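Undergrad: One structure, as structure tokens, below. Some questions next.
Residue numbers (our numbering), protein chains in the order written: chain A, 114 to 481; chain B, 114 to 481; chain C, 114 to 481; chain D, 114 to 481.
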């Protein structure tokens with residue numbers, strides 16, 4: 114079986130999630146498109162990166178990501194580092210001929226995101242911006258239903274990503290550092306909402322909203338609020354916050370079309386709520402447990418009803434990347450390319466601008 | 114037992130809801146503050162209003178609401194007519210010394226609403242704008258919890274009122290006539306969201322949003338979208354639509370504070386979702402069935418768990434009015450006064466203006 | 114409009130529920146089959162029954178139910194008294210030519226229930242045993258779906274009625290007096306489960322189970338547990354308890370057939386969960402908000418989604434009785450006759466016998 | 114790091130689940146108690162077992178499980194074969210000095226289960242019967258709450274395991290072969306209910322019930338129904354079926370105690386419903402997302418709210434086994450020993466006997 118060498122940047126939350134995915138791809142998606150070989154892992158702390166290498170089975174650890182870029186055994190560079198480390202290593206890896214995966218948000222703003230996309234696209238490698246929620250089975254099912262016209266013409270998208278861990282003034286993380294994170298709830302959670310809005314309902318044309326910081330001394334935003342319009346004419350809201358007490362990972366969205374509706378909550382990620390305007394006297398939303406043989410990604414897993422976890426989204430996502438590499442296929446439209454990463458950043462920036470200007474901001478997208 | 118004569122304008126949806134409430138107050142809220150005597154009912158169609166009088170037990174029917182205004186036996190004038198008939202009869206009744214209840218929205222815009230409020234307030238009668246959802250037991254419980262500080266400092270209000278009956282191009286109702294209704298989903302549903310936002314989270318200071326019409330030929334708005342900020346600093350969204358397929362009466366809102374959260378859905382109006390940040394290892398939202406002896410309005414009803422319906426909100430509301438009349442007490446803060454009706458209209462108008470101007474609109478409120 | 118005189122026995126929980134229903138029938142079910150005239154009410158406490166007469170508008174109050182039986186103006190005798198007062202007054206009223214409604218359980222055991230049925234049936238009057246949950250719109254919808262074959266051949270019925278108010282050793286009520294109540298959770302709650310089991314899944318042929326008392330000094334059962342088989346071959350469980358902490362009125366049941374399933378919880382009585390094996394890839398239970406124009410009983414109420422309460426079940430039930438009287442129609446099969454009351458008692462008695470004998474008890478039903 | 118050699122019998126559903134777990138233990142439970150080394154895998158079909166060895170990384174494949182038993186590199190023998198292959202290989206492995214894990218049900222009846230337990234216990238090796246649902250975080254949390262007295266004295270356990278895949282007369286699997294499976298829904302699903310009943314509510318003292326076969330030609334039971342009593346005095350029901358259309362993996366149970374209640378549904382396995390009788394006016398069941406740092410097993414996974422899947426239960430379970438081996442600790446009480454496997458079989462047999470005899474069957478347990 115052909116293999117592909119993996120170079121990983123980052124060993125914390127995303128390093129764990131991605132490493133786990135590569136290991137599971139090797140036997141759960143059987144046979145895998147390419148067998149992932151965990152070649153090297155890079156990170157800031159020498160002892161932590163050494164421990165991660167041992168833990169996940171990377172052949173070596175390094176404090177210098179350039180070592181990965183220069184390693185010919187590595188065919189796929191996976192960037193799970195903090196946002197401030199997305200641009201330079203990702204571009205360098207692509208320019209060294211490696212396929213690249215980069216965590217979201219792609220850059221810290223649209224300008225940086227555009228630069229990453231432009232430089233990487235020019236190299237011709239495969240690139241995926243790790244908006245992993247596209248790879249939740251229920252999300253993909255919704256996308257397939259919409260593509261098949263089962264919801265008719267879309268009228269509404271309302272999405273909100275609610276967490277509450279931000280309500281702790283003593284927390285110290287790079288996610289609260291403007292220079293490292295770029296933004297707060299906006300890039301961390303809001304970017305996910307924007308990406309699924311685009312994935313499911315199409316391009317966003319304008320936003321009216323603002324970002325908000327509640328905690329004294331906090332240097333990034335705690336919350337984002339926006340009313341949005343799509344190119345299709347659909348309208349809705351986009352919201353994210355890290356201060357919604359009691360919500361741990363509640364990425365909730367609902368779409369209404371002229372033939373039906375779908376709704377979702379990431380805290381119950383195995384379920385899709387589906388309404389069809391089919392004239393049945395027994396009228397209502399179905400709670401679909403997305404775990405049937407014929408459901409997206411389910412070929413890899415268990416019998417119906419035996420649900421998967423959040424970690425499996427990365428298995429699906431990175432399997433998609435390996436498949437595209439193996440077959441020279443496309444990341445788009447089911448995976449988010451760097452162009453998708455850039456476009457999400459344009460929307461996020463527009464919300465910031467709208468907050469500052471007090472105006473509805475129309476969004477225009479650049480070409481690579 | 115002292116009685117009060119009721120004069121009702123309107124015999125359709127609201128006429129039925131209010132008449133039912135007065136009849137139930139007489140024996141379910143025992144003893145009632147005042148015994149309602151159904152004196153007269155007015156309406157456009159002679160046969161329909163005659164039938165309504167017989168049905169609900171009004172002593173007479175009339176096509177001319179002025180007959181009610183001039184009837185000395187009537188102490189409370191209840192206006193459940195279309196929006197275009199709110200101003201003149203309500204003002205006339207108040208100026209004739211009758212207490213007045215008027216359905217929401219108070220006027221068709223802020224200007225008309227202000228005029229109603231100003232003229233009626235000058236007379237000194239009791240006035241209530243029938244935002245009946247303040248009288249859902251779960252809504253009142255939320256209000257009491259917030260007043261008691263149980264949620265701490267509020268940070269978020271997100272409210273949406275979703276129905277789907279508007280998705281029918283053949284429907285013919287005054288609610289689709291701009292002159293009679295004033296607006297579409299905005300005044301019909303959005304005004305309710307605005308009122309509960311104000312009731313629960315305080316005054317709204319600015320809105321950024323727009324109204325939207327989807328159906329060809331529809332002459333009022335189908336949907337409203339807005340990002341909002343409150344005077345307290347809380348932020349959130351306000352949305353309403355009559356095109357959310359599968360949602361029949363889904364007035365859903367959630368409030369997040371620094372000590373807890375509450376959430377609600379009108380389709381399950383007996384329930385309040387409550388999260389308390391109390392350190393319990395078993396952490397999560399409670400589904401509170403608001404039907405305990407010590408819960409708001411429950412003294413009038415059944416044993417715990419034996420739920421009430423939507424119609425009961427009017428019993429609570431009009432009982433509140435009769436109590437205020439009997440004791441010369443206040444409608445505010447638990448009931449919506451005409452000032453509340455006017456203020457809701459200011460917010461609704463600001464959303465329309467924001468849609469037209471593309472700007473965030475700051476709201477200023479006039480005094481009477 | 115033709116009227117019918119009502120004589121009510123009992124002024125407490127059931128007296129309130131039934132009186133409210135008669136008053137609402139007069140204008141909510143318009144035009145009513147017969148206009149209820151509240152003639153007289155009887156009860157043990159002179160001041161309480163006097164107060165009830167004034168409250169609900171009965172023309173007179175009496176401590177002696179025989180006065181009602183002897184009153185020619187009364188055409189319908191409604192017995193909402195304690196279980197020990199079911200037999201004698203109900204039989205006397207029927208033998209005096211009055212139609213009769215009697216609260217459940219019909220008698221305190223099968224023998225007494227049989228006697229009531231036999232004696233009343235012999236008179237030829239209409240008789241209804243007030244198993245009001247047959248008149249929940251969602252329950253009727255389930256029944257209609259089953260009758261239409263939409264669930265196919267039934268295989269399972271599992272029902273449980275869970276409350277928790279029994280967990281109070283200081284409570285003093287006739288419901289804890291063996292002589293007045295006959296039994297505890299069995300007759301109070303278990304009888305409801307048995308009735309809906311019969312209403313929805315057909316006749317029960319055998320039971321294996323027991324009753325159980327937990328609280329020291331309690332003289333009636335606190336809980337009932339049984340495995341059951343139906344004449345159709347379907348199997349399942351029947352359970353009731355007044356000690357399920359956190360459950361206030363959770364009468365929950367589920368039915369599985371060869372083509373679909375339905376499930377229900379009385380705490381959300383406006384909803385029916387419906388699963389159809391229709392091959393839709395979006396497979397799952399629908400949450401049907403039973404509030405559409407074409408749904409059972411909904412012609413009397415509000416627009417879709419504007420839910421009804423527990424009290425409305427009595428409106429539907431007593432309206433059914435008045436319709437049967439007006440048209441000389443049948444109480445069965447949608448209403449429970451006294452034969453149904455008797456049959457439920459046979460099942461309840463069989464559970465008690467099974468508990469004592471440790472054997473599966475086959476049930477045989479007597480004819481009148 | 115010390116390692117332990119794994120020998121696996123079975124490559125299908127359970128072989129996949131267990132192999133996945135051993136692979137994940139190596140890096141998700143870091144550092145693992147022992148590093149699992151996948152030495153050999155045995156199975157009936159030569160090509161399938163060969164493929165499984167390659168897929169999961171076993172060093173060799175064999176059609177003869179005795180090869181595993183005789184392999185000195187193997188320290189833990191894991192039996193995921195059909196029920197008819199539980200006894201002989203498991204006993205042989207233990208008698209060869211290997212620790213043993215055996216899928217449930219332990220044997221095809223109590224007699225066979227007893228023999229397995231007795232023979233294995235005599236060897237002194239660690240033994241676990243793979244009732245993996247003890248290792249769902251929400252189930253363990255419930256157990257911990259009960260142990261800590263948070264529910265008070267238990268009164269009710271009601272459990273049902275509902276699936277619907279059995280409703281297919283064309284299906285051909287060893288699970289429908291009496292000789293291979295021992296029973297149908299009873300051993301497959303009912304045994305799980307019995308085990309969690311024992312794990313959470315203590316020993317079962319008597320059962321009254323039966324098993325039932327619906328499909329013509331089906332040679333094992335389709336459904337199980339029982340009323341049960343516990344040694345503690347608690348009472349309840351146990352039910353399982355593979356014919357509950359719409360239920361895919363709905364292992365639902367509820368426990369009521371004198372201080373609170375808990376409820377659970379395997380289709381939402383990350384959630385525990387918790388009711389505490391704490392006097393809070395906001396009274397109701399909490400939906401606890403069991404995914405906090407301080408929750409059972411959560412140290413291995415993700416940030417709060419990022420849920421796990423069904424497959425993770427095996428990671429927890431086999432990690433528990435490796436920990437017990439490494440530390441010479443106990444499998445009991447959190448893991449099910451072979452004694453637990455035997456005791457569950459006694460209860461299952463008693464239900465069968467009760468069905469045949471029509472009598473309540475008291476259960477007595479043998480010693481090893």
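Ideal placement from N, C-alpha and C gives every residue a C-beta, glycine not left out.
In this text, all values refer to a predicted model and were calculated from it rather than measured experimentally.
1) Residue 300 of chain C: buried (16+ other C-beta within 10 angstroms of its C-beta) or exposed?
2) Relative to the alpha-carbon of residue 370 of chain B, which residue among B/377, B/355, B/389 and B/385 has its alpha-carbon at the smallest distance?
3) Quick one: grab the DSSP three-state call for residue 454 of chain A.
4) Along the alpha helix (DSSP H) that carries residue 141 of chain C, what are the first and last residues, could you check?
5) Please say whether residue 319 of chain D and residue 474 of chain D have beta carbons closer to each other than 8 Å?
6) Does any residue of chain C bring its CB to less than 8 Å from the CB of residue 321 of chain D?
7) Give me the subset of the stretch 123-156 of chain D whose CB atoms are less than 9 Å from a CB atom of chain A, sorted by chain position.
8) Quick one: grab the DSSP three-state call for residue 276 of chain A.
9) Where in the stretch 214-298 of chain D do unbroken runs of the alpha helix (DSSP H), each at least 4 residues long, occur, reported from the N-terminal end onward?
10) Would you kindly work out how many angstroms separate the C-alpha atoms of residue 363 of chain A and residue 400 of chain D, rounded to a whole number?
11) Per the DSSP calculation, residue 386 of chain B is bridged to which residue(s)?
12) Which chain A residues are close to residue 489 of chain D, counting only those with a beta carbon under 7 Å from its beta carbon?
13) Which bits of chain D does residue 352 of chain C rub up against, with CB to CB less than 7 Å?
14) Is it buried or exposed, residue 172 of chain D, if we count other Cβ atoms within 10 angstroms and call 16 or more buried?
15) Going by DSSP, name the residue or residues bridged to residue 334 of chain D.
16) Using 8 Å as the cut-off, can you tell me whether the stretch 257-264 of chain C makes contact with the stretch 414-426 of chain C, which would need three or more C-beta pairs spanning the two stretches below that distance?
17) Could you tell me the distance, in whole angstroms, from the CA atom of residue 186 of chain D to the CA atom of residue 210 of chain D?
18) Please determine, among B/127, B/324, B/330 and B/376, the residue with the shortest C-alpha to C-alpha distance to residue 310 of chain B.
19) Taking the beta strand (DSSP E) that residue 323 of chain B belongs to, which residues open and close that run?
20) Under a three-way DSSP split, which group does residue 406 of chain B fall into?
21) Please tell me whether residue 337 of chain D and residue 348 of chain D are closer than 8 Å, where the distance is taken between their beta carbons.
22) Nearest to residue 392 of chain B by alpha carbon, out of A/372, A/359 and A/412?
23) Less than 8 Å between the C-beta atoms of residue 429 of chain A and residue 190 of chain A, yes or no?
24) Who are the near neighbours of residue 351 of chain C in its chain, counting only those whose CB is closer than 6 Å to its CB and skipping five residues on each side?
25) Using a C-beta to C-beta distance shorter than 7 Å, which residues of chain B count as neighbours of residue 239 of chain A?
26) Should residue 394 of chain C be flagged as near chain A, meaning a C-beta pair shorter than 8 Å?
27) Expressed to the nearest angstrom, what Euclidean distance is found between the alpha-carbon atoms of residue 433 of chain C and residue 448 of chain C?
28) Give me the Cβ distance between residue 293 of chain A and residue 197 of chain A, rounded to the nearest whole Å; I'm assuming they're in contact under 8 Å.
29) Indicate whether the contact test is met: 3 or more Cβ pairs, each with one atom in the stretch 153-172 of chain B and one in the stretch 211-227 of chain B, closer than 8 Å.
30) Compare the C-beta of residue 382 of chain B with all C-beta atoms of chain C and state if any pair is closer than 8 Å.
31) Taking 8 Å as the threshold (beta carbon to beta carbon), is residue 218 of chain A in contact with chain D?
32) Under 8 Å, Cβ to Cβ, is there at least one residue of chain B near residue 369 of chain A?
33) How would you write the range of the alpha helix (DSSP H) that residue 169 of chain D sits in, first residue to last?
34) Are the CB atoms of residue 410 of chain C and residue 130 of chain C nearer to each other than 8 Å?
35) Report the rounded CA-to-CA distance for residue 295 of chain C versus residue 289 of chain C, giving the unit in angstroms.
36) May I ask you to report which of helix, strand or coil DSSP gives residue 423 of chain D?
TA: Straight from the coordinates:
1) That one is buried.
2) B/389
3) helix
4) 126-141
5) yes
6) Taking a beta-carbon distance threshold of 8 Å, residue 321 of chain D counts as an interface residue toward chain C.
7) 126, 129, 130, 132, 133, 136, 137, 139, 140, 141, 143 and 144
8) coil
9) 223-234, 250-260 and 291-294
10) 13 Å
11) Beta-bridge pairing links residue 386 of chain B to B/376 and B/400.
12) Absent from the structure is residue 489 of chain D, since the part of chain D shown begins at 114 and ends at 481.
13) 271 and 350
14) exposed
15) The partner list for residue 334 of chain D (beta bridge, DSSP) is empty, contrary to what the question assumes.
16) no
17) 11 Å
18) B/376
19) 317-325
20) coil
21) Cβ atoms of residue 337 of chain D and residue 348 of chain D: not closer than 8 Å.
22) A/359
23) The answer is no: Cβ separation not under 8 Å.
24) 272, 306, 339 and 341
25) The contacting residues do not exist; residue 239 of chain A stays about 37 Å from chain B at best.
26) yes
27) 7 Å
28) 4 Å
29) no
30) Chain C contact via Cβ: present.
31) no
32) yes
33) DSSP places residue 169 of chain D in the uninterrupted alpha helix (DSSP H) bounded by 159-169.
34) When the beta-carbon positions are compared, residue 410 of chain C and residue 130 of chain C stay at least 8 Å from each other.
35) 9 Å
36) coil
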